[in-house]
Structure formats: C-alpha cells, structure tokens
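Residue numbers (my numbering): 41 to 317.
Think of the CB as a built atom: it goes at the ideal place given N, C-alpha and C, for glycine as much as any other residue.
Given the structure is predicted, the values throughout are model-derived calculations rather than measurements.
What follows is a short report on a single structure.
In structure tokens form, the structure reads like this:
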C-alpha cells in the first residue's frame, strides 16, 4: 500500500505542471523523533500557478477526506493568494497534508529562507543541496528594543489580572494571564538562547522547554497554567512575576540593559494594597 508521500511523489512525477516538490517541517528535522502523527508539509512548485490552483480534484484521490481547509476558507487567505495557495487536509486514516502551491520562480528564495527544506523532486535541475537543519528556527538574538517592549507589556498587563481576580471575573483574568505568559515566554526564550549562543530552537509550541530549562524554572513555568479559581490564578500570577523578574534581571546584567529592580516588589505591594492579593 502506497504511503501518502509516495502518492504525492507519483502525482508530481506524472503532472508536468509540477516542476519541484519540497518537503518542510518536522519530517525533515534531524532533531525530531518521528511518529505516526507528523504532518506532511509539502510544497508544489508549478509553472502555471493561476491555472493549477483552479483544480484540486486530485486531493480526493489521495485518501478519504475527514476535514479540509484552503486559502479560501481562511480569514486572511485572500491576502496572499496571488503568490501562495494553501490546501490542508486531514484524512480519515490519520494522515495529514499541509500542501502549499507556489510558482516555480520562488523555489530558490524559499529554499534559502527555510532551513528545514528537502527537495524530493527536481525537474528543473536546480541542484539544491539537501541539508535540513533548524537554523531558521533558532531563538532570535535579544535586542534592547525587544527587551524593553517585553518588560513594559508584561508589567502593564499584570494589574488587569489582579483586577479581574478581585472582581471574580476569572475568564477576564485568565485571558490577561495568557498575555503576560506570552511575554514571559519571550524572556525564557532569550534566556535559553543566551545559554546556547542563540543556536537553539525551543520547538514548536515551546515543546523543548522541559529539556532546555532547569527543573526549577520549568516547574515554575508549568505553574503559570492554573485552574479556574481565584486562589490558583493569584498563585500563577505571582509565580509568573517572580520568574519574569529573575530572568529579566539576569539578562539585563548580561547585556547592560536598563531594568528597574524595584518593579517586582512595587507591583506585588500594589496588589496587596489595592486588591488584597
């Protein structure tokens, strides 16, 4: 029985419009342990883009479709449709394809911009070297501007959470907790990057935090995901603040950035004085 990838290669070989087939993502990542749930991230580079995207009848020949989404189904899909068309399919047998259609003129540019790329079919004789690696996904080096923006956003949003807790508006508090957790993740990423010379990826959805962080820091991060209760959200908020302050202070010293070392205590005192937290 042919695999989904075999079917795609067979299709691409037989269709003269498809000039190259490139696979991206986890299936070409040498640092990822393969499993049965990985998507096939595939790009067809074609020589008649506008004509090709008018007929996707071949999708149904690859398997029994459970659910699908194309650029036409996405809120912002029309913004990029002149250069790129996406067709994503979940098949009932568990296999999934994230298929992108691009004009062949973009293949060199795309190959250079995404280090997790492997050419599986090349009818144009492009001679691209397959050496997939994670370099395009390394943590970006910290800058003074990004550090300052992150610190400001984190502490600016914190009082919203406290107010939501006091009012017993727990959904409101949780939604704002999500915002500061995002800023905390920025700080964690930079801290990890600094410890690995910014030659490291934290993984999709921060999947490598457990491996890259000390047990103590990782545990604190986990505790920023609380149950929906005033007590638990309050604990999560204070843990997030303490962890953020710890990492921000270290990075500020390392890179000679300005950081107010009194802000944590001032924020916590504000919570106690105004919201009894």
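Close Cβ partners of residue i (< 6 Å) along its chain, the five nearest in sequence each way excluded
| i | result |
| --- | --- |
| residue 125 | 93, 111, 141 |
| residue 128 | 109, 138 |
| residue 158 | 63, 68, 170, 172 |
| residue 204 | 212, 213 |
| residue 292 | 299 |
According to DSSP, residues forming a beta bridge with residue i
| i | result |
| --- | --- |
| residue 237 | Answer is none; residue 237 lacks a bridge partner. |
| residue 158 | 63 |
| residue 130 | 107, 136 |
Where residue i sits in the DSSP three-state scheme
| i | result |
| --- | --- |
| residue 63 | strand |
| residue 135 | coil |
| residue 68 | helix |
| residue 125 | strand |
| residue 232 | helix |
| residue 143 | strand |
| residue 58 | strand |
| residue 73 | coil |
| residue 99 | helix |
| residue 225 | helix |
| residue 245 | helix |
| residue 166 | coil |
| residue 214 | helix |
| residue 267 | coil |
| residue 47 | helix |
Element boundaries [alpha helix (DSSP H), containing residue i]
| i | result |
| --- | --- |
| residue 285 | 270-295 |
| residue 259 | 255-262 |
| residue 90 | 89-92 |
| residue 40 | In the structure as shown, the chain begins at 41 and stops at 317. Residue 40 is therefore absent and cannot be evaluated. |
| residue 116 | Where residue 116 is concerned, there is no enclosing alpha helix (DSSP H), given that its DSSP letter is neither H nor E. |
| residue 313 | 303-315 |
| residue 299 | No alpha helix (DSSP H) holds residue 299; DSSP gives it neither H nor E. |
| residue 250 | 249-252 |
Other residues of its chain near residue i: CB distance less than 8 Å, five sequence neighbours each side excluded
| i | result |
| --- | --- |
| residue 263 | 275, 276, 279 |
| residue 253 | 228, 232, 261 |
| residue 307 | 195, 198, 199, 281 |
| residue 44 | 80, 102, 103, 131, 135, 137 |
| residue 296 | none |
With 16 other Cβ atoms within 10 Å as the buried cut-off, status of residue i
| i | result |
| --- | --- |
| residue 232 | buried |
| residue 300 | exposed |
| residue 91 | exposed |
| residue 227 | buried |
| residue 136 | buried |
| residue 65 | buried |
| residue 223 | buried |
| residue 218 | exposed |
| residue 285 | buried |
| residue 304 | buried |
| residue 86 | buried |
| residue 89 | buried |
| residue 156 | buried |
| residue 147 | buried |
Boundaries (first-last residue) of the beta strand (DSSP E) holding residue i
| i | result |
| --- | --- |
| residue 108 | 105-110 |
| residue 86 | 80-86 |
Other residues of its chain near residue i: CB distance less than 7 Å, five sequence neighbours each side excluded
| i | result |
| --- | --- |
| residue 260 | 279, 283 |
| residue 191 | 288, 299 |
| residue 238 | 178, 179, 181 |
Residue i Cβ short of 7 Å to the ligand PLP heavy atom set
| i | result |
| --- | --- |
| residue 51 | Questions concerning the ligand PLP fall outside what the structure shown contains, since it holds no ligand whatsoever. |
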